[in-house]
Amino acid sequence: MSRKSERLVNLVIALLATKRYLTKSEIFRIIEGYEGSNESMERMFERDKDELRALGISIEVSALDPLFDDEIGYRIRSEEFELDRNGFTSNEIAYMSLAAQVWKDASLGEIGQKVIRKLSGLAKQADISEIPTLAPVAFNAPIFLTEIIECISKRKPIEFSYIDSELNTLVRQVNVYSYFALKGFWYFSGYDESKSDIRTFRCDRVSGPLTISKKANCYDVPNDFVTDVNFSDSDEKISAQLSVRKGRGAQLRSYASKVELGDEFDFVELPFFSESELISLILWHLDDVVVLGPASLRASVVASLRELVATHG
Amino acid sequence: MVNKLADNQVARLLDLVPYLTLNQGVALEKIALDFNISKSDVLNDLNTLWMCGLPGYTPLELIDLSFETGFVWIRNAEVLSNPRKLTNSEVGAIIVGLSILREIIGPDSSHNKLVEDLSSRLSIKSEIIAPTVVKAEVSASLREMIYSAMKNNESLKISYHSFSRDEISIRDIIPLSFSYEANHEYVYSFCQLSQDFRVFRLDRIVEADVNQKFLDISNRQEKTSDSSIDVSIRVLANLRKIAETFNNNDLLNAQSGNQLQIKAFNSEWIVRTISSFQGTAAVTQPLEIRNLIANRAQNALNLYL
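Top line first, the protein sequences correspond to chains A and B. Residue numbers for the first sequence follow the numbering used here, beginning at 1 and rising by one. Residue numbers for the second sequence follow the numbering used here, beginning at 314 and rising by one.
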């Protein structure tokens with residue numbers, strides 16, 4: 001049994017129930033648990049206020065008498081304290097519970113559990129148990145996801161160490177604009193101060209904790225900002241023309257915009273965003289694929305093959 | 314630590330009152346389950362709440378609880394009977410969760426529009442933006458089909474793309490369990506074709522259908538065969554990609570030119586993987602693999618002559 005929890009709950013009840021502001025001396029007199037010298041009660045009260053605020057409870061402070069502003073009163077407004085129970089249909093409450101359940105055993109599981117607790121006191125929920133909540137995409141969400149979201153909504157720049165393509169760790173300072181999940185990974189995009197350009201970061205390549213700016217509203221998200229979820233090298237989408245051996249290259253074929261059947265090889269045309277990714281995929285298929293064009297792609301693949309022969313000769 | 318526990322208790326007590334008010338007569342065990350705490354924590358919480366109430370703290374003002382029977386009734390707790398507002402991080406978790414939910418239920422479900430509307434309303438009110446896109450590697454309908462086959466002991470007919478052999482094969486499988494590793498989803502199954510247990514990556518299942526055929530695996534024992542090959546690699550550049558491919562943390566401290574020991578599942582896989590690194594890694598041992606890469610790359614080069 002905790003005397004302190006008891007006192008804090010009693011404080012919440014009193015400040016919620018009151019129709020007017022309560023002064024400190026009234027609080028000390030009427031609320032059970034405030035004991036000792038005036039000084040120690042003052043200290044106790046300061047700590048209690050901090051703890052309640054840390055729980056997300058906003059305590060309103062006001063001068064009681066317009067003529068004497070040294071007398072201060074406190075209260076908690078129910079509309080600030082309570083969830084708006086009329087704001088949601090029973091279906092919507094059920095959706096929110098499911099959305100919280102998605103995080104079970106995942107990074108935001110603890111927060112999700114709190115949501116479920118709160119919603120369980122709201123109303124009888126609609127039964128939508130036919131919706132499964134098996135969501136592997138939640139499993140690899142980073143633990144700092146809510147911090148990223150907070151930074152975007154408060155426009156707070158962040159700083160973090162990021163592992164680059166050669167495994168060097170560099171400190172990056174970024175104004176985050178957006179975040180997304182794609183094919184098993186979570187990303188965030190924004191303006192990278194050190195590169196003076198828009199960059200996208202993969203969350204699992206962030207090394208160590210994020211440092212979040214204390215100051216809010218430090219930047220604006222440009223109106224014309226569009227998150228690039230294709231990881232394009234350039235703005236232009238280009239096509240590659242390939243010869244692919246019959247019965248081979250299932251993955252290349254699945255991306256194709258055009259396939260013309262031939263004898264030993266088929267002609268395959270496919271659009272691509274990232275040349276480097278495509279080169280890797282073509283090399284994976286070794287002697288089952290020949291690049292016909294564009295010339296730069298053909299040259300890169302030939303150069304890589306020469307390199308392979310040289311390093312393994 | 315003691316302080317932190319107390320914080321949690323206050324938050325929990327404030328959530329407990331509305332819950333008890335709505336669920337009059339709820340069993341102690343059910344509370345423990347719903348709040349993810351032990352039964353003795355529940356009793357401790359109730360004993361603390363018992364002492365709370367409006368100033369005055371006579372029986373008239375105190376919260377009235379009865380739980381001696383193992384079932385809980387609460388009265389005289391009107392002030393706290395509404396659930397607390399959601400915090401920003403809770404709303405954030407809901408908004409992302411709703412996006413994940415939409416990905417699960419798919420665009421054709423009647424729920425999709427309702428969930429989208431709810432999400433955008435929450436988003437506008439809280440100024441918390443939803444993710445631009447949430448797209449899993451695997452379609453929810455495929456996962457759902459496998460899941461229901463597991464529950465009903467059904468077998469599936471799948472077209473499976475073996476990436477390392479670059480072949481598509483048709484197999485009858487009995488899915489047994491899901492697993493999730495290094496950002497990919499797998500299904501552990503009994504495979505009729507190989508008469509053995511196999512692991513299939515979900516994103517490489519090109520097509521799947523419920524099979525009417527009954528497969529009997531009651532007498533099957535799991536074969537354990539380790540056919541992996543030890544390979545030495547010299548890493549020249551592009552370290553992050555190589556570390557991520559081999560799931561190798563040693564590389565985090567590695568430098569260009571370093572040697573790396575890895576285990577390859579089969580020779581085809583390692584030959585293709587090294588090739589796809591665009592010349593930034595080279596096999597040094599075994600010689601057999603080394604020659605295989607040189608030959609295959611030369612064959613490919615010959616196609617350009």
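Even glycine gets a Cβ: it sits at the ideal position worked out from N, Cα and C.
Annotation for K258 of chain A: the continuous beta strand (DSSP E) segment containing it runs K258 to E260. Here I143 of chain A is exposed, its C-beta having fewer than 16 other C-beta atoms within 10 Å.
Of all residues in the stretch 154-172 of chain A, only I163, D164, S165, E166 and L167 come within less than 8 Å of chain B when Cβ atoms are compared, listed by chain position. Here A106 of chain A is near F139 of chain A, since their CB atoms are less than 8 Å apart.
Secondary-structure assignment with DSSP links F267 of chain A through a beta bridge to A:S243 and A:E260. For S588 of chain B, the residues of chain A that pass the 7 Å Cβ criterion are L283, W284, L286 and L308, in the order they occur in the chain. Between K246 of chain A and F265 of chain A the beta-carbon gap is near 7 Å, inside 8 Å, which marks them as a contact. Residue pairing for N175 of chain A: DSSP places it in a beta bridge opposite A:Y191.
When CB distances to chain B are screened at a threshold of 8 Å, the residues of the stretch 131-148 of chain A falling below it are I131, P132, T133, L134, A135, P136, V137, A138, F139, N140, A141, L145 and T146, in chain order. Per DSSP, the beta bridge partners of C504 of chain B are B:I486 and B:D509. At a cut-off of 8 Å between C-beta atoms, E60 of chain A does not count as an interface residue with respect to chain B.
In the three-state reduction of the DSSP assignment, V523 of chain B falls in the strand class. Close to chain A, meaning a Cβ-Cβ distance shorter than 9 Å, are the following residues of the stretch 400-419 of chain B: T400, N401, S402, E403, V404, G405, A406, I407, I408, V409, G410, L411, S412, I413, L414, E416, I417 and I418. In terms of beta-carbon proximity, L506 of chain B stays away from the interface with chain A, with every pair separated by 8 Å or more. The C-alpha of D84 of chain A lies about 38 Å from the C-alpha of L455 of chain B. At a Cβ-Cβ threshold of 8 Å, R325 of chain B and D358 of chain B count as neighbours.
Residue-level contact by beta carbon holds for M96 of chain A and chain B, with a gap shorter than 8 Å.
Inter-residue distance for I93 of chain A and E166 of chain A is about 47 Å (C-alpha atoms, whole angstroms). A390 of chain B places its beta carbon less than 8 Å from that of I376 of chain B. Within chain A, no C-beta atom comes less than 7 Å from the C-beta of N571 of chain B; the nearest is roughly 11 Å away. Apart from sequence neighbours up to five positions away, the residues of its chain that approach E147 of chain A with a beta-carbon distance below 7 Å are L210 and I212, ordered along the chain. For G383 of chain B, not one C-beta of chain A is nearer than 8 Å to its own C-beta. The stretch 470-483 of chain B makes no contact with the stretch 145-162 of chain A: fewer than 3 CB pairs, one atom from each, lie closer than 8 Å. One finds L286, D287 and L308 in chain A with Cβ atoms closer than 9 Å to the Cβ of R609 of chain B, taken in chain order. For T211 of chain A, no chain B residue has a Cβ inside 7 Å of its Cβ, as the nearest lies near 18 Å away. Below the 8 Å Cβ cutoff, chain B contributes no neighbours of I76 of chain A, its closest Cβ being approximately 10 Å away. Taking a beta-carbon distance threshold of 8 Å, D479 of chain B counts as an interface residue toward chain A.
In the displayed model, F144 of chain A falls within coil according to three-state DSSP, outside both helix and strand.
Taking a Cβ-Cβ threshold of 9 Å, the residues of chain A close to V323 of chain B are S2, K4, S5, L8, V9, V12, E51, L52 and L55, in chain order.
Bounds of the alpha helix (DSSP H) holding A310 of chain A are A295 to H312. In this structure I131 of chain A is in contact with L98 of chain A, their Cβ atoms being roughly 6 Å apart against a cut-off of 8 Å.
Burial is judged here by how many other beta carbons sit within 10 angstroms of a residue's own beta carbon; K156 of chain A has at least 16 and is buried.
For E71 of chain A, there are no C-beta contacts with chain B under 7 Å, since the nearest C-beta of that chain is about 19 Å from it.
Each of B:T382, B:E374, B:W386 and B:N321 was checked against the Cα of L335 of chain B, and the nearest Cα belongs to B:W386. Contact annotation, Q173 of chain A with S207 of chain A: C-beta distance approximately 15 Å; criterion of less than 8 Å not satisfied. In this structure, A:S280 is the residue among A:V115, A:S280 and A:N10 with its C-alpha nearest to the C-alpha of L305 of chain A.
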